[in-house]
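Residue numbers (the working numbering): 111 to 179.
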(Lines of atoms letter the chains of each structure in order from A and count residues from 1; the text may use other names and numbers.)
(Lines give C-alpha, C1' and ligand atoms only; values in the text may rest on other atoms or scores of the structure.)
Protein backbone atom coordinates (compact mmCIF):
# COMPACT_ATOMS: atom_id res chain seq x y z
CA UNK A 1 0.00 0.00 0.00
CA UNK A 2 1.19 3.51 -0.78
CA UNK A 3 0.68 6.18 1.87
CA UNK A 4 0.74 9.88 1.05
CA UNK A 5 1.08 10.94 4.69
CA UNK A 6 4.64 12.20 4.06
CA UNK A 7 3.18 14.54 1.39
CA UNK A 8 0.94 16.26 3.93
CA UNK A 9 3.78 16.43 6.46
CA UNK A 10 5.96 18.07 3.77
CA UNK A 11 3.23 20.58 2.87
CA UNK A 12 2.96 21.52 6.54
CA UNK A 13 6.74 21.87 7.00
CA UNK A 14 7.04 24.03 3.89
CA UNK A 15 3.91 26.05 4.74
CA UNK A 16 2.28 25.31 1.37
CA UNK A 17 -1.43 24.71 1.05
CA UNK A 18 -3.35 22.46 -1.30
CA UNK A 19 -4.96 25.64 -2.60
CA UNK A 20 -1.54 26.99 -3.60
CA UNK A 21 -0.66 23.73 -5.36
CA UNK A 22 -3.89 23.88 -7.35
CA UNK A 23 -4.14 27.59 -8.15
CA UNK A 24 -0.52 28.76 -8.11
CA UNK A 25 1.29 25.69 -9.42
CA UNK A 26 -1.41 24.15 -11.62
CA UNK A 27 -1.72 20.76 -9.92
CA UNK A 28 -5.17 19.40 -10.84
CA UNK A 29 -7.62 19.27 -7.93
CA UNK A 30 -8.38 15.69 -8.96
CA UNK A 31 -4.76 14.75 -8.23
CA UNK A 32 -5.03 16.08 -4.68
CA UNK A 33 -8.34 14.24 -4.31
CA UNK A 34 -6.73 10.99 -5.50
CA UNK A 35 -3.89 11.37 -3.03
CA UNK A 36 -6.29 12.05 -0.15
CA UNK A 37 -8.03 8.79 -0.95
CA UNK A 38 -4.84 6.74 -1.38
CA UNK A 39 -5.25 6.26 -5.12
CA UNK A 40 -2.33 6.09 -7.57
CA UNK A 41 -0.70 9.08 -9.22
CA UNK A 42 1.67 9.09 -12.18
CA UNK A 43 5.43 9.34 -11.93
CA UNK A 44 5.14 12.55 -13.95
CA UNK A 45 2.93 14.01 -11.22
CA UNK A 46 5.33 12.75 -8.58
CA UNK A 47 8.20 14.44 -10.41
CA UNK A 48 6.23 17.70 -10.65
CA UNK A 49 5.39 17.64 -6.94
CA UNK A 50 9.03 16.98 -6.01
CA UNK A 51 10.07 19.91 -8.18
CA UNK A 52 7.48 22.29 -6.70
CA UNK A 53 8.17 21.25 -3.11
CA UNK A 54 11.94 20.92 -3.67
CA UNK A 55 11.94 17.54 -1.97
CA UNK A 56 12.69 13.85 -2.49
CA UNK A 57 10.21 11.14 -3.45
CA UNK A 58 10.29 9.88 0.15
CA UNK A 59 8.85 13.24 1.20
CA UNK A 60 5.75 12.55 -0.93
CA UNK A 61 4.94 8.89 -0.43
CA UNK A 62 5.81 5.83 1.60
CA UNK A 63 5.36 2.13 0.88
CA UNK A 64 3.66 0.18 3.65
CA UNK A 65 3.88 -3.61 3.29
CA UNK A 66 0.52 -5.43 3.48
CA UNK A 67 1.51 -7.33 6.63
CA UNK A 68 2.11 -3.99 8.41
CA UNK A 69 -1.47 -2.81 7.91
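Even glycine gets a Cβ: it sits at the ideal position worked out from N, Cα and C.
Proximity of residue i and residue j at Cβ, strictly below 8 Å
i	j	result
residue 162	residue 143	no
residue 153	residue 141	no
DSSP three-state assignment for residue i, whether helix, strand or coil
i	result
residue 173	strand
Backbone CA spacing between residue i and residue j [nearest angstrom]
i	j	result
residue 121	residue 112	18 Å
residue 145	residue 128	11 Å
residue 118	residue 158	16 Å
residue 239	residue 177	Because the chain in this structure spans residues 111 to 179, residue 239 falls outside the shown range and cannot be described.
residue 171	residue 179	16 Å
residue 167	residue 173	11 Å
residue 131	residue 175	29 Å
residue 125	residue 160	15 Å
For residue i, the first and last residue of its enclosing alpha helix (DSSP H)
i	result
residue 118	115-124
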